[in-house]
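Asks: Numbering (our numbering), first residue to last: 731 to 1074.
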């Protein structure tokens, strides 16, 4: 019965995912009919790109060169952020934890402002995501080094993350004081997070890293379940607690850093999606991790679709949509919690 229910959940999720991707590729300031979309993809796969461009010139230009790389970026970033969030919540035994605990966003922001103010980001499209990745990984490494020798490692990681985030936030503001107005505008625009103007070249190096890190993390579902029982219990069941925690932290950091490289610092996905999936499917990380990744990709696809269409032909930044939805969700959660407390 349990296997049947799981199969049904996977089937339903797959159908929703396919429908969402089709809607994402079809809708926008210029709508592409479903018949043209399917015809384009069929021609491209069977006859090649040249025939697809000749038979469906408009759909080819919009779908294959604008919307498809943007959809792929949304799937990568949304899935990575939600998977990293689910791992963070299991690792810190807190359903409201997020990868930001490790100072990743602060590190990427500091690196981004350095790249922008020095002019390096303007020399090639790959420099800014490369800088933000290095900044994110460096700040997370610093946080872990500060907490590595503590007996209460979970608590000290949170404290070290707050300290490093505060330090890097102050340094970022200091650098901005020396920046030109257009550089400040570029940095603010980047901090909103978004998927506009994404091209295939920008996804070449983050994609294999995200895929490998996700596969490795998905294999640690049972380890997360055992860690949730407590360090002593997990150790008694054969888990190397310190090594497992370090591995999970590294995977969480890498996934978040790559997501920021792809889409900028988009917030709330690593917080909302795993929390919702846990409410629906329960706390078993063997199911929670893969479904969080899938629904994270779906969530970012839908948010970006809304950003592209709500004020078409203009666009909103996707990070604005996720922030608004995240804020509304947590306000509703607070009100619901207070109401339950009063009624009980």
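For glycine and all other residues, C-beta sits at the position ideal for the given N, C-alpha and C.
Since residue 712 is in the alpha helix (DSSP H), which residue starts that stretch and which ends it?
Replies: Past the edges of the chain, shown from 731 to 1074, lies residue 712, and the structure says nothing about it.
Asks: Taking the straight line between their C-alpha atoms, what separation do you get for residue 850 and residue 784?
Replies: Residue 850 and residue 784: Cα-Cα distance of roughly 39 Å.
Asks: Three or more beta-carbon pairs under 8 Å between the segment 901-920 and the segment 1016-1024, yes or no?
Replies: Contact fails: fewer than three Cβ-Cβ distances are below 8 Å.
Asks: By Cβ distance below 6 Å, which residues in the same chain neighbour residue 835 in space, the five residues on each side in sequence not counted?
Replies: Correct list, in chain order: 995.
Asks: Assuming the contact rule is C-beta atoms closer than 8 Å, residue 967 and residue 1049 should be a hit. Round their C-beta distance to whole Å, please.
Replies: No, residue 967 and residue 1049 are not in contact; Cβ-Cβ is about 41 Å, not under 8 Å.
Asks: Kindly indicate which three-state DSSP category residue 958 falls into: helix, strand or coil?
Replies: Of the three classes helix, strand and coil, the one that applies to residue 958 here is coil, per DSSP.
Asks: Please classify residue 988: is it buried, with 16 or more other beta-carbons within 10 angstroms of its beta-carbon, or exposed?
Replies: Under this definition residue 988 is a buried residue.
Asks: Within 10 angstroms of its Cβ, does residue 819 collect 16 or more other Cβ (buried), or is it exposed?
Replies: Residue 819 is buried by the Cβ-count criterion.
Asks: Between the alpha carbons of residue 872 and residue 858, how many angstroms are there, rounded?
Replies: Cα to Cα, the separation comes out at about 21 Å.
Asks: Drop a sphere of 10 angstroms on the beta-carbon of residue 945, count the other beta-carbons inside from all chains shown, and report buried for 16 or more, exposed for fewer.
Replies: Exposed: under 16 other Cβ atoms inside 10 Å.
Asks: Which residues bound the alpha helix (DSSP H) around residue 774?
Replies: That run of the alpha helix (DSSP H) goes 764-777.
Asks: Exposed or buried, what is residue 800 when buried is set at 16 or more other beta-carbons lying within 10 Å of its beta-carbon?
Replies: With 16 or more Cβ atoms within 10 Å of its Cβ, residue 800 is classed as buried.
Asks: Can you check whether the CB of residue 821 is closer than 9 Å to the CB of residue 696?
Replies: What is shown of the chain runs 731 to 1074, which leaves residue 696 out entirely.
Asks: Taking the alpha-carbon of residue 939 as reference, which of 758, 757, 807, 750 has the nearest alpha-carbon?
Replies: The residue with the shortest Cα to Cα distance from residue 939 is 807.
Asks: To the nearest angstrom, report how far apart residue 897 and residue 869 are at their CA atoms.
Replies: Approximately 10 Å, taken between the alpha carbons.
Asks: Between which two residues does the alpha helix (DSSP H) harbouring residue 975 extend?
Replies: 971-993 is the extent of the alpha helix (DSSP H) around residue 975.
Asks: Work out the CA separation of residue 1018 and residue 1012 for me, nearest whole Å.
Replies: Straight-line Cα distance between these residues: approximately 7 Å.
Asks: Return yes when the Cβ of residue 775 is within less than 9 Å of the Cβ of residue 730, no when it is not.
Replies: Residue coverage of the chain in this structure runs from 731 to 1074, which leaves residue 730 outside it and unanswerable.
Asks: Which residue spans inside the segment 871-905 form an unbroken beta strand (DSSP E) run of at least 3?
Replies: Entirely contained in the segment 871-905, not one beta strand (DSSP E) run reaches 3 residues.
Asks: Looking only at its own chain, which residues have a Cβ that is under 7 Å from the Cβ of residue 891, when we skip the five neighbours before and after it?
Replies: Result list for residue 891: 831, 832, 833, 873, in chain order.
Asks: Grab the span of the alpha helix (DSSP H) containing residue 761 for me, first residue to last.
Replies: From DSSP, residue 761 is part of no alpha helix (DSSP H); its letter is neither H nor E.
Asks: DSSP three-state call for residue 910: helix, strand or coil?
Replies: Here residue 910 sits in coil by DSSP.
Asks: Using the rule of at least 16 other Cβ atoms within 10 Å of the residue's Cβ for burial, across every protein chain shown, is residue 949 buried or exposed?
Replies: Its Cβ having fewer than 16 others within 10 Å, residue 949 is exposed.
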